[in-house]
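Okay, so here's the structure we're looking at.
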Ligand SMILES: Cc1ncc(C[n+]2csc(CCOP(=O)(O)OP(=O)(O)O)c2C)c(N)n1
Ligand SMILES: [Mg+2]
């Protein structure tokens, strides 16, 4: 049976899913006393849009050969992927409590041998896009209709291996490959902030014209607000429409805010990882789940 | 108790203030490795290269040819694996005085799991010609080794642990490359040989063994290369059984080193060797206590394995079988 694209939820439904996901991230990490916050929160809207509105997948058949693939190249954001996989029905949400606990299917970094729905193991930054190029090439050679999506961090683009794939993917005509860069403006530590920076440290790629760079390497570029679901789906639609037509891969430069959605985590490198106090948890919960209106 | 990474950051800041040729290059983990101490205390001596470990090693080599004395700051796993070719050609083959500070060495890295657990580094670095390979036991030795390495004119690889352990040395400890240290005398029954912060847990294991009537000597080997082989063989002689214990694969680390020495010496009275460490498999994400217990490196579990090696009947908890975490899918 062929997999079909999901019926896209309304923007309000997507926001609720994403903010619930954000709460799952911050509360799960607090419970396991270790984990990443900022990247998971910036990526959440994109992940929810992918899993609930884009990927042709079936949680009951996580290894379906025709499925679209997703690789979280910035594997330290695993908890974000786990919460969305749980919300999407790959495993019970209650299992999130086992994150990082030992004897768990939910490792600190995604493990394709343990977690249903994880298509590639990651954690050492820089490797995911290359793995995705291999999947996209394999799909082409096997005549499979699958699209491969890979999410990278803006700091992660410092890794040389990323650029080996950026250079070679167009040569293979991989229009069934889409990279999503979560341009959240911060890495773990980086450089001191300058005048033009959005947050409390320097934008990792602030000195780079990313659109021009990817265009120059032969990719189609979509530069969007990564927290705007309409813009996200427009970019997804364009990337999907390119599949089997464009002859070149697509990249979505998603401008986001690290730590998005919680007042004390948004826009600061100090919440790259961290464990929230009881009081911070109350604040986060109020801001994410108990606000009267949808953001 | 002070964590080795904190000692490293503090000592490095002192070194950069004493000598402006000393610089630290970071691959975006300064807040974990504690190179942040230099970034904040002496920003001129701190160079952020970004999340690019290969570039990190290449630039450190280049700076070393310009009269600088560079240190590297990132998790060890990304140096000995991602940047191995760069270490091999630019550092080892040239003898460049690049100090490779391997942060978060071994199993205990704050629940990050197997992607970040470097349990092969000693095997890899021991095989690297010209590389000095060091694994300090505690905060005092970490400080002494850091200061020694700053003066050494050649490549140095040093393991630094993330979390503090009970010290085994005093603040006036002096490091001599190659030397081995008896941390506990006696040893009528067995000699325990260890390295890095695992030595601290092995001293504790020896106390547990003493309480069970087993007399164990403890020998600490901070310098896997160079090593004073005669001194090491002398330290393990005179007992029937030697047990090596390491926060590393049992293949080609400390256990491998001791096996090589014993085999080459060919002494018919040489002790029988047991290697305790990580079996030939991957570990998982979990809190420290869980990992030490599951993978046999806690004082309690080391003591159990020593008793087994000595032929004592195992206590029920010593028969834990290690299984893959959580089962597998697909
Ligand atoms: C090869 C490698 N080097 C270093 C790290 C350690 N590390 C984990 S996350 C991180 C910062 C990532 O920043 P970015 O890619 O911008 O991710 P995000 O902001 O989305 O969390 C670093 C340096 C790693 N996991 N892998
Ligand atoms: Mg980032």
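Chains as they are written, first to last, in the UniProt record's numbering: chain A, 1 to 295; chain B, 1 to 330.
All C-beta atoms in this analysis are idealised placements derived from N, C-alpha and C, irrespective of residue type, glycine included.
Measure how close the beta-carbons of residue i and residue j come, nearest whole angstrom, since I'm counting them as under 8 angstroms.
| i | j | result |
| --- | --- | --- |
| residue 76(A) | residue 123(A) | 7 angstroms |
| residue 51(B) | residue 155(A) | 5 angstroms |
| residue 109(A) | residue 111(B) | Not really, about 10 angstroms apart at Cβ, beyond 8 angstroms. |
| residue 23(B) | residue 47(B) | 6 angstroms |
| residue 102(B) | residue 61(B) | No, residue 102(B) and residue 61(B) are not in contact; Cβ-Cβ is about 17 angstroms, not under 8 angstroms. |
| residue 151(A) | residue 43(A) | 6 angstroms |
| residue 337(B) | residue 247(B) | Because chain B here runs from 1 to 330, residue 337(B) falls outside it and cannot be looked at. |
| residue 116(A) | residue 62(A) | 4 angstroms |
| residue 221(B) | residue 254(B) | 6 angstroms |
| residue 251(B) | residue 123(B) | 6 angstroms |
| residue 114(B) | residue 249(B) | Not confirmed; about 12 angstroms, so no contact. |
| residue 284(A) | residue 26(A) | 5 angstroms |
| residue 17(A) | residue 261(A) | That belief does not hold up - the Cβ atoms of residue 17(A) and residue 261(A) are roughly 12 angstroms apart, past 8 angstroms. |
Can you tell which of the options has the C-alpha that lies nearest to the C-alpha of residue i?
| i | options | result |
| --- | --- | --- |
| residue 296(A) | 32(A), 198(A), 7(A) | One cannot answer for residue 296(A) here, as it falls past the ends of chain A, which runs 1 to 295. |
| residue 80(A) | 270(A), 280(A), 126(A), 259(A) | 259(A) |
| residue 245(B) | 205(B), 261(B), 230(B) | 205(B) |
| residue 282(A) | 125(A), 191(A), 30(A), 16(A) | 30(A) |
| residue 31(B) | 64(B), 59(B), 74(B), 20(B) | 74(B) |
| residue 7(B) | 22(B), 197(B), 280(B), 143(B) | 143(B) |
| residue 204(A) | 50(A), 189(A), 141(A), 18(A) | 189(A) |
| residue 230(B) | 258(B), 207(B), 9(B), 247(B) | 258(B) |
| residue 56(B) | 209(B), 121(B), 303(B), 70(B) | 70(B) |
| residue 289(B) | 107(B), 232(B), 182(B) | 107(B) |
| residue 182(B) | 152(B), 157(B), 156(B), 216(B) | 216(B) |
| residue 88(A) | 269(A), 54(A), 65(A) | 54(A) |
| residue 163(A) | 271(A), 130(A), 145(A) | 130(A) |
| residue 255(A) | 273(A), 264(A), 224(A) | 224(A) |
| residue 234(A) | 143(A), 2(A), 8(A), 97(A) | 8(A) |
| residue 99(B) | 155(B), 86(B), 176(B), 79(B) | 155(B) |
| residue 173(B) | 273(B), 153(B), 10(B), 148(B) | 148(B) |
| residue 193(A) | 170(A), 269(A), 167(A) | 269(A) |
| residue 311(B) | 285(B), 274(B), 282(B) | 274(B) |
| residue 67(B) | 5(B), 20(B), 130(B) | 20(B) |
| residue 150(B) | 1(B), 72(B), 171(B) | 72(B) |
| residue 93(B) | 129(B), 287(B), 272(B), 109(B) | 129(B) |
| residue 243(A) | 264(A), 173(A), 60(A) | 173(A) |
Is the beta carbon of residue i sitting closer than 9 angstroms to the one on residue j?
| i | j | result |
| --- | --- | --- |
| residue 165(B) | residue 194(B) | no |
| residue 182(A) | residue 267(A) | no |
| residue 54(B) | residue 160(A) | yes |
| residue 192(B) | residue 242(B) | yes |
| residue 50(A) | residue 236(A) | yes |
| residue 84(B) | residue 49(B) | no |
| residue 184(A) | residue 211(A) | no |
| residue 227(B) | residue 190(B) | no |
| residue 158(B) | residue 134(B) | yes |
| residue 93(A) | residue 105(A) | no |
| residue 233(B) | residue 185(B) | no |
| residue 280(B) | residue 237(B) | no |
| residue 35(B) | residue 12(B) | yes |
| residue 105(B) | residue 160(B) | yes |
| residue 107(A) | residue 78(A) | yes |
| residue 225(B) | residue 80(B) | no |
| residue 212(B) | residue 240(B) | no |
When you measure from the CB of residue i to every non-hydrogen atom of ligand 4, does any distance come out below 8 angstroms?
| i | result |
| --- | --- |
| residue 258(A) | The model on display carries ligand 1 and ligand 2 but not ligand 4. |
Would you check if there are 3 or more beta carbon pairs closer than 8 angstroms linking the region 214-234 of chain A to the region 270-289 of chain A?
-> no
Residues of the region 176-194 of chain A with a CB closer than 9 angstroms to any CB of chain B: list them in chain order, please.
-> 187, 188, 189, 190, 191, 192
Just checking, does the region 13-21 of chain B make contact with the region 35-51 of chain B on the three C-beta pairs under 8 angstroms criterion?
-> yes
With contact counted as at least three CB pairs below 8 angstroms, one residue from each stretch, are the region 136-147 of chain A and the region 57-72 of chain A in contact?
-> yes
Pairing CB atoms from the region 244-254 of chain A with CB atoms from the region 177-193 of chain A, are three or more of them under 8 angstroms?
-> yes
The region 85-108 of chain A: positions lying closer than 7 angstroms to chain B by Cβ = 100, 101, 102, 103, 104, 105, 107, 108
Specify whether the region 289-307 of chain B and the region 258-268 of chain B touch according to this definition: at least 3 beta carbon pairs, one from each stretch, less than 8 angstroms apart.
-> no
Three or more C-beta pairs below 8 angstroms linking the region 132-147 of chain B and the region 159-175 of chain B = yes
Short-range partners of chain B found in the region 34-68 of chain A, where Cβ spacing is below 9 angstroms = 34, 35, 62, 63
The region 117-131 of chain A: positions lying closer than 7 angstroms to chain E by Cβ | Although the question refers to chain E, the structure presented lacks it and instead comprises the protein chains A and B.
When you check each C-beta in the region 43-57 of chain B against every C-beta of chain A, which residues fall closer than 9 angstroms?
-> 43, 48, 49, 50, 51, 52, 53, 54, 55
Just checking, does the region 198-217 of chain B make contact with the region 296-305 of chain B on the three C-beta pairs under 8 angstroms criterion?
-> yes
Taking a cut of 8 angstroms between CB atoms, which residues from the region 13-33 of chain A lie near chain B?
-> 32, 33
Residues of the region 136-168 of chain A whose Cβ lies closer than 9 angstroms to any Cβ of chain B, in chain order | 153, 155, 156, 157, 158, 159, 160, 161
Please list the residues of the region 113-127 of chain B that have a C-beta atom closer than 8 angstroms to any C-beta atom in chain A, keeping them in chain order.
-> 113, 114, 115, 116
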